[in-house]
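These protein sequence lines are chains A and B, in that order. Reading the first sequence from the start, the letters are residues 1051 to 1389 in the working numbering. Reading the second sequence from the start, the letters are residues 1051 to 1389 in the working numbering. Even for Gly, the Cβ is constructed at its ideal location relative to N, Cα and C. On a predicted model such as this, the values are computed, not experimentally measured, just so you know. Here the structure is laid out as structure tokens; the discussion comes afterwards.
There are 2 protein chains.
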Amino acid sequence: MSYKYNIALDAMGGDNAPKKVVEGLKIFLKEDNEIAFTLFGIKKEIDKCLKKFDLCENQRIFIEDCEKLITNEMSVRDSIKLGKQSSMWKSIESVKNNKCDIVISSGNTGALLVISKLLLKTIDGVDKPPLAGLWPNKKNLSIVLDLGANVECNEKNFIQFSKIGSVLYSVLFDKQKPHVGLLNIGSEEIKGNETLKNTHTSLNLSNNNFTYTGYIEGNDITKGEVDVIVTDGFTGNVALKTAEGTANYITSEIKNSFSYNLFSKISYLISYPVFSQIKKKLDPRNYNGAIFLGLTSPVIKSHGGADGFAFYNSIKLSSKILRGNLINKIKNNFVNGKK
Amino acid sequence: MSYKYNIALDAMGGDNAPKKVVEGLKIFLKEDNEIAFTLFGIKKEIDKCLKKFDLCENQRIFIEDCEKLITNEMSVRDSIKLGKQSSMWKSIESVKNNKCDIVISSGNTGALLVISKLLLKTIDGVDKPPLAGLWPNKKNLSIVLDLGANVECNEKNFIQFSKIGSVLYSVLFDKQKPHVGLLNIGSEEIKGNETLKNTHTSLNLSNNNFTYTGYIEGNDITKGEVDVIVTDGFTGNVALKTAEGTANYITSEIKNSFSYNLFSKISYLISYPVFSQIKKKLDPRNYNGAIFLGLTSPVIKSHGGADGFAFYNSIKLSSKILRGNLINKIKNNFVNGKK
């Protein structure tokens, strides 16, 4: 039997690898029969892990043995020195060589971005590939980019991010002409730095694959009025991590209050079904996977601390990207649209 | 009877003014007898409002009649045109003329910052006055600055913010040598832009009124390991508003889940005492009031949407700043320390 797509999995990246990778794979295999997988890592360990989950190497699951691993603590320079011997390098290379269609890694983000840029070409018209992520809001999900790939961005980059982010949004949520907002510190024309003001003017004048709705502020991200939020990698990364920190702070305060005394503990037990619904809805594992976009093949960065269920969601995201033909749509947009 | 301090209140700024101002004042008057107040605004309205709260103009409460008001929608240019006729201008001017010791306004932030800079001098050694705010964390509160006064900052500004923020922290929380962190997108030396890297090197080498602990990321802000978090006004503003948006999103999801059906509504009623504790603890009104620092007199910006209780907390904050002799301590630090 032949499969429509082949996903490359860096089986050794992040915490609890390869267990979480195999666990996520196991969940996904049950609901899909079009996609094969190639797992890159220490074969002996992967085999052992597959066995634990009642799986084995077969026509749908391939293993590529790799000797070396890139750890989270490793500098980008040292990661590159390991080169072709590492599971991360080999998994990205498999996409370059058209053996696989997309790659997922939970490993060292810095190394992943640099090796991806080294091995994969940038799409014509894209100067700086951004890292995009799904961000929950009161209505559904939005896309925020850049989340950390490019610390400094100019007007051209922001316009390219708007286009790329809009194609991604259209593919994932089936909406033509998504609404794009530019992250700023006020909605008035005079706010922000010169780059933002110039981008604002250009986006207002341009005719694109999106509708530009103007500046938005940090508190607007979760309102859900805007589909694609464009910012530089520094601001995007700080915003993302501040949101994570805030969520963590609030949930820990709630936990503390409900475990304060006997009464609060009983209250928690009674409310448990409701809390478990809330937990399910707010679970960040639901939207695990940042997408490194603008290269000739997409690269998915799963959270380093992701577990099996979170990793499964990265696989699901990858399958949507493949089926939605994301890369060709981005390419078309840059060929046909104004650069 | 004479009073030790006199606080200027812009009685007309923000939503529901002057009611919230008078309401906040009423709460504060009960717990303090050293401070007098001057309310700037439309006398007729203020008199009416004071009466509602069983107060009146007396030896402790003065009213300065002002004809004009700066609204939130007004541009900074239009606000300045109104000039000396507005309650905001007059209240800041009273501090300049030493009639009052500190000013609080809930009005138009842009106008407040610009008029303050116009009327009040900058402390020698301070290039750009930052806006500082209290940020709750798992242990207590930290101070984050700049929250929006200066979009672009250089190394010198960041070092000045570290000093100023540390004096503020020492005054409010009685801790010598607070821990200062520089907001970045990773803790490694190579992360961030050149300005941050240079600041990091300088802070590591300098001997100051604080202990520099290195880079911190967005998710570290709420951990409470660092007392003073230094960043530029763009990043700080986005981080603050993203945190507000995240808190708002989570609480609204919790509310929705607890009002979903009869069972969840009953669960909520049972857990109500615990929820009311949580609400009290996470209430942003507890730390209402951003502090515009680096001028010869402090200026307090209360949230535009603040109510009476929130405004009361701004008054309380102002009283701590006065009693702690903040401005002189900042001045001394810039005279004695290395600039």
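Within the stretch 1242-1314 of chain B, ranges of the beta strand (DSSP E) (whole runs, at least 3 residues) | 1261-1266, 1278-1280
Identify the contact partners of B:N1147 in chain A, using a Cβ-Cβ distance below 9 Å as the criterion.
-> For the purposes of this step, residue 1147 of chain B is taken as the residue at position 97 of the second sequence. Simply none; closest approach about 31 Å.
Beta-carbon separation of A:A1434 and A:S1137 under 8 Å?
-> A question about residue 1434 of chain A goes unanswered here, because the residues of chain A that appear run from 1051 up to 1389.
Using a cut-off of 7 Å between C-beta atoms, extract the partners of A:S1279 located in chain B.
-> Counted from its first residue, the first sequence places residue 1279 of chain A at position 229. According to the sequence as given, residue 1279 of chain A is Ile; it is not Ser. None at all; the shortest Cβ gap to chain B is about 10 Å.
Between A:I1266 and A:V1276, which are expected to be in contact by the criterion C-beta below 8 Å, what is the C-beta distance as a whole number of angstroms?
-> Taking the first sequence and counting its residues from 1, the one referred to as residue 1266 of chain A is at position 216. Taking the first sequence and counting its residues from 1, the one referred to as residue 1276 of chain A is at position 226. Indeed they touch by this definition, with Cβ atoms about 5 Å apart.
Apart from the five residues just before and just after A:S1252, which ones in its own chain have a Cβ nearer than 8 Å to its Cβ?
-> Taking the first residue of the first sequence as 1, we reach residue 1252 of chain A at position 202. Cβ within range, chain order: E1205, I1209.
With contact counted as at least three CB pairs below 8 Å, one residue from each stretch, are the stretch 1173-1182 of chain A and the stretch 1372-1384 of chain A in contact?
-> yes
Could you tell me how far apart the beta carbons of B:I1214 and B:L1345 are, in whole angstroms, since I believe they sit closer than 8 Å?
-> Here residue 1214 of chain B refers to the residue found at position 164 when the second sequence is read from its first residue. Here residue 1345 of chain B refers to the residue found at position 295 when the second sequence is read from its first residue. Contact doesn't hold; Cβ gap of about 11 Å is too wide.
Could you check what DSSP says for A:S1166 in three-state terms: helix, strand or coil?
-> Here residue 1166 of chain A refers to the residue found at position 116 of the first sequence. Here A:S1166 sits in helix by DSSP.
Going by the beta-carbon positions, is the gap between A:F1078 and A:A1058 smaller than 8 Å?
-> Mapped onto the first sequence, residue 1078 of chain A falls at position 28. Mapped onto the first sequence, residue 1058 of chain A falls at position 8. Result no, Cβ atoms of A:F1078 and A:A1058 do not sit closer than 8 Å.
Report back the beta-carbon spacing between B:T1272 and B:K1188 to the nearest angstrom; my notes put them in contact at under 8 Å.
-> Numbered from its first residue, the second sequence carries residue 1272 of chain B at position 222. Numbered from its first residue, the second sequence carries residue 1188 of chain B at position 138. Yes, B:T1272 and B:K1188 are in contact; Cβ-Cβ is about 6 Å, under 8 Å.
Write down every uninterrupted run of the alpha helix (DSSP H) in the stretch 1124-1156 of chain A whose length is 4 residues or greater and which is fully enclosed by it, in chain order.
-> 1126-1132, 1137-1146
Under 9 Å (Cβ pairs) to chain B, residues found in the stretch 1310-1344 of chain A = Y1310, F1313, S1314, I1316, S1317, Y1318, I1320, S1321, Y1322, P1323, V1324, F1325, Q1327, I1328, K1331, L1332
List the endpoints of the continuous beta strand (DSSP E) containing A:I1371.
-> For this step, residue 1371 of chain A is matched to residue 321 along the first sequence. Counting along the chain, A:I1371 falls outside any beta strand (DSSP E), though it belongs to the alpha helix (DSSP H) covering 1358-1373.
Does any C-beta atom of chain A lie closer than 8 Å to the C-beta of B:S1196?
-> On the second sequence, position 146 is the one that residue 1196 of chain B refers to. Contrary to the premise, residue 1196 of chain B reads as Asp rather than Ser in this sequence. Not an interface residue.
According to a CB-to-CB cut-off of less than 9 Å, which residues of the stretch 1250-1273 of chain A neighbour chain B?
-> E1267, G1268, N1269, D1270, I1271, T1272, K1273
Mind checking if A:I1304 is an interface residue toward chain B, Cβ cutoff 8 Å exclusive?
-> Within the first sequence, the letter at position 254 stands for residue 1304 of chain A. Taking Cβ atoms only, chain B reaches closer than 8 Å to A:I1304, which makes this a yes.
Are the stretch 1308-1320 of chain B and the stretch 1189-1203 of chain A in contact at 8 Å, needing three or more beta carbon pairs?
-> no
At a CB-CB cut-off below 8 Å, which residues of chain B make contact with A:F1284?
-> The residue you call residue 1284 of chain A lines up with position 234 of the first sequence. Near A:F1284 (Cβ distances below 8 Å), the residues of chain B are I1235, G1242, N1243, T1285.
Look up A:K1331 in the DSSP assignment and say whether it is helix, strand or coil.
-> Translated into positions along the first sequence, residue 1331 of chain A becomes position 281. In the structure shown, A:K1331 sits in a helix (DSSP, three-state: H, G or I).
Would you call the stretch 1064-1077 of chain A and the stretch 1095-1114 of chain A touching, i.e. three or more CB-CB distances under 8 Å?
-> yes
Looking at chain B, which residues of the stretch 1197-1219 of chain A have a Cβ within less than 7 Å of any of its Cβ atoms?
-> G1198, V1201, E1202
Given a cut-off of 8 Å, decide if A:L1232 and A:H1250 are closer than it, judged by their beta-carbon atoms.
-> Locating residue 1250 of chain A in the first sequence gives position 200, counting from the first residue. Locating residue 1232 of chain A in the first sequence gives position 182, counting from the first residue. In contact: A:H1250 and A:L1232 (Cβ atoms closer than 8 Å).
Starting from the Cα of A:F1325, find the closest Cα among B:D1333, B:G1339, B:T1301 and give me that residue.
-> Translated into positions along the first sequence, residue 1325 of chain A becomes position 275. For A:F1325, the nearest C-alpha among the options comes from B:T1301.
Please list the partners that B:K1188 has in chain A, where partner means a Cβ-to-Cβ separation under 7 Å.
-> Position 138 of the second sequence, counted from the start, is the residue given in the question as residue 1188 of chain B. Correct list: Y1299, S1302.
Just to confirm, are B:P1348 and B:I1371 a CB contact at a threshold of 8 Å?
-> By one-based count along the second sequence, residue 1348 of chain B stands at place 298. By one-based count along the second sequence, residue 1371 of chain B stands at place 321. Yes, they are a contact pair.
Identify the contact partners of B:E1084 in chain A, using a Cβ-Cβ distance below 9 Å as the criterion.
-> The residue given as residue 1084 of chain B occupies position 34 in the second sequence. Near B:E1084 there are no residues of chain A at all, since even the closest Cβ is about 34 Å away, more than 9 Å.
Do you know offhand how far B:K1388's Cα is from B:M1124's?
-> The sequence position of residue 1388 of chain B within the second sequence is 338, counting from 1. The sequence position of residue 1124 of chain B within the second sequence is 74, counting from 1. The predicted model places B:K1388 with a pLDDT of 45, which falls under 50 and marks its position as unreliable; any figure quoted below should be read in that light. B:K1388 and B:M1124: Cα-Cα distance of roughly 40 Å.
Residues that B:F1308 contacts on chain A, provided the C-beta gap is smaller than 7 Å = Position 258 of the second sequence, counted from the start, is the residue given in the question as residue 1308 of chain B. Chain A residues near B:F1308: V1324.
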